[in-house]
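Trainee:
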Amino acid sequence: MRIGLRRSRVVVLVVEASGDVVYYPGCLALNVYPGISKTSIELLKLLGVKPRLPTSVLCCGLPIHLSGVAKGEHVDAMSCFNVAKLMGNPDYVVVPCNGCYLTLKKALSSEEFKVKCAVKSKCVHIAELIWANRWKLAELAKRDLSGLKVAIHVGCHYTHAFQDSIKGEDGEDLLEDIALAFNAQVVDYEERHSCCGAPAVKWVGSILLELSQVKMVSVLNSDADVLLTMCPACMLTFDKTQYELKQLEEVERMIPVLHVSQFVALALGLDPKKTCGLHLHLANPNNTSTALNDLIGWPPQEEL
């Protein structure tokens with residue numbers, strides 16, 4: 054069985070459900086936002102994919118490249134070692150992170166490393182699989198998201214990295230397509246296409262916080278209930294930035310930042326705490342008050 058769809062405007066890389074599929078969480082979806090990995094794995098299983106979960110893998114290498122510690126060719130070599138040796142050279146590597154996607158896809162596309170390391174793997178973003186199967190997943194929805202106002206942030210390392218990155222069919226981009234499939238209301242905002250600020254650390258570190266603040270204030274001014282992303286690094290940046298702004302009383306409110314896997318999992322009725330891990334976010338339903346709280350039944354019954 055092939056998991057994915059072929060559309061007129063774009064050919065989506067599909068995953069053979071019978072193939073050897075590895076889920077590679079990356080650092081942040083493993084150590085900071087485990088709800089991303091939990092929901093991503095649940096969605097893969099729901100789509101008929103049984104992913105392997107390697108216990109010993111390295112960082113993708115992008116953070117040390119962005120900080121100026123490692124050169125690009127060293128990061129490529131690290132990626133191929135990760136895939137060929139530590140992951141066992143699977144057919145597909147599914148990632149929930151734009152940075153991991155950029156790093157692994159770039160390295161795995163290199164003819165040099167294909168020969169040297171005998172790498173056969175293809176890298177797929179979990180958001181791409183969700184996008185390709187969004188209507189199938191929407192049919193399984195248990196929660197009505199029609200009253201939820203969603204701001205979108207796709208992220209630079211997906212949008213601008215490759216020419217074959219998925220563009221929107223029903224909306225402006227793949228995340229808007231997914232949100233619309235679940236009947237959410239997508240709100241626009243002035244800084245929608247701006248960077249979160251995190252990748253700028255190597256070149257313009259002194260203005261990183263300012264970039265993030267401008268972006269986050271624009272999101273909050275849109276009256277959105279949640280910010281939808283597909284990158285844990287972007288999530289962490291937005292999570293920390295609005296938390297700091299709220300502590301300094303420079304903004305009046307915060308909103309949850311959701312990874313697309315968490316967003317879809319919530320729509321499918323999965324537990325917002327035990328599965329999605331929303332309580333582990335800095336801006337979470339305990340310290341925010343948006344339409345999301347009512348939709349997911351927060352706080353959980355055991356806390357009442």
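In this note's numbering, the protein residues as written are 54 to 357. Yeah, the Cβ is synthetic: ideal placement off N, Cα and C, and Gly gets one too. The model shown is predicted, which means the values in this text are computed figures rather than measured ones.
(1) So, with DSSP's three-state summary, where would you put Val-68?
(2) Can you check which of these residues, Leu-280, Asp-278, Lys-169, Val-207, is closest to His-246 by C-alpha distance?
(3) Which same chain residues end up closer than 6 Å to Cys-133 when comparing Cβ atoms and leaving out the 5 residues on each side of it in sequence?
(4) Applying the 10 Å Cβ sphere with the 16-neighbour rule, what's the burial state of Lys-91?
(5) Does the Cβ of Ser-265 have 16 or more other Cβ atoms within 10 Å, making it buried, or fewer, making it exposed?
(6) Terminal residues of the continuous alpha helix (DSSP H) containing Ala-180?
(7) Could I get the ranges of all uninterrupted alpha helix (DSSP H) runs contained in the segment 149–224, with 4 residues as the minimum, in chain order?
(8) Count the other CB atoms, across all protein chains shown, that sit within 10 Å of the CB of Asp-295; report buried if there are 16 or more and exposed otherwise.
(9) If you drop the 5 nearest sequence neighbours on each side, which residues of the same chain put their C-beta closer than 6 Å to that of Phe-316?
(10) Buried or exposed: Ser-218, going by 16 or more other Cβ atoms within 10 Å of its Cβ?
(11) I'd like to check one pair, Pro-338 with Leu-348: are the Cβ atoms closer than 7 Å?
(12) Please confirm if the segment 150–157 is in contact with the segment 69–82, defined as three or more CB-CB distances below 8 Å between the two stretches.
(13) Which partner residues of Asp-226 appear in the DSSP bridge assignment?
(14) Would you report the Cα separation of Ile-205 and Leu-228, rounded to the nearest angstrom?
(15) Pull up the distance between the alpha-carbon of Asp-144 and that of Val-177, whole angstroms please.
(16) Please check the pair Met-288 and Tyr-211, which I expect to be a contact at CB under 8 Å, by giving their CB distance rounded to whole angstroms.
(17) Do Leu-321 and Leu-193 count as a contact pair if the criterion is CB distance below 7 Å?
(18) Taking DSSP as the reference, what is the three-state secondary structure of His-312?
(19) On the criterion of 16 or more Cβ atoms from any shown chain inside 10 Å, does Ser-71 qualify as buried, or is it exposed?
(20) Give the straight-line distance between the Cα atoms of Ala-185 and Val-136, rounded to the nearest whole angstrom.
(21) Using three-state DSSP, classify Val-272 as helix, strand or coil.
(22) Rounded to the nearest angstrom, what separates Asn-274 and Lys-138 at their Cα positions?
(23) Are the CB atoms of Phe-235 and Leu-198 nearer to each other than 7 Å?
(24) For Asp-230 and Arg-187, which I take to be in contact (beta-carbon distance under 8 Å), what is that distance rounded to the nearest angstrom?
(25) Do you know offhand how far Ala-277's Cα is from Glu-69's?
(26) Which value, in whole angstroms, describes the spacing of the CA atoms of Ala-318 and Gly-141?
Mentor: From the atom records:
(1) In the three-state reduction of the DSSP assignment, Val-68 falls in the strand class, which pools E and B.
(2) Ranking Leu-280, Asp-278, Lys-169, Val-207 by Cα distance to His-246 puts Val-207 first.
(3) The residues are Ala-160, Phe-166, Cys-170, Val-172.
(4) In summary, Lys-91 is buried, with 16 or more beta-carbon neighbours lying within 10 Å of its beta-carbon over all protein chains present.
(5) By the 16-neighbour rule on beta-carbons within 10 angstroms, Ser-265 is buried.
(6) In the DSSP assignment, Ala-180 falls within the unbroken alpha helix (DSSP H) covering 179–185.
(7) Those alpha helix (DSSP H) runs which fall completely within the segment 149–224 and span 4+ residues are 151–161, 164–169, 179–185, 187–191, 209–212.
(8) Reading off the sequence shown, one finds Gln at residue 295, where the question assumed Asp. Label assigned to Gln-295: buried.
(9) These residues qualify, in order along the chain: Leu-281.
(10) Ser-218 comes out buried.
(11) Not a contact, by the Cβ cut-off of 7 Å.
(12) When C-beta atoms of the segment 150–157 are compared with those of the segment 69–82, three or more pairs fall below 8 Å, so the two segments count as touching.
(13) Asp-226 is bridged to Lys-220.
(14) Using only the alpha carbons, I get a separation of about 7 Å.
(15) Each residue's Cα considered, the two are about 11 Å apart.
(16) At roughly 13 Å, the Cβ-Cβ gap does not stay under 8 Å, so Met-288 and Tyr-211 are not in contact.
(17) Against a cut-off of 7 Å, the Cβ pair of Leu-321 and Leu-193 comes out as a contact.
(18) Secondary structure of His-312 (DSSP, three-state): strand.
(19) Burial call: exposed.
(20) A straight-line Cα-Cα distance of about 24 Å links Ala-185 and Val-136.
(21) Helix at Val-272.
(22) C-alpha separation (whole angstroms): 47 Å.
(23) Going by C-beta atoms, Phe-235 is nearer than 7 Å to Leu-198.
(24) Taking a contact as a CB-CB distance under 8 Å, the pair Asp-230 and Arg-187 counts as one, their CB atoms being some 6 Å apart.
(25) Cα-Cα distance, rounded: 37 Å.
(26) When the Cα atoms are used, Ala-318 and Gly-141 turn out to be separated by approximately 29 Å.
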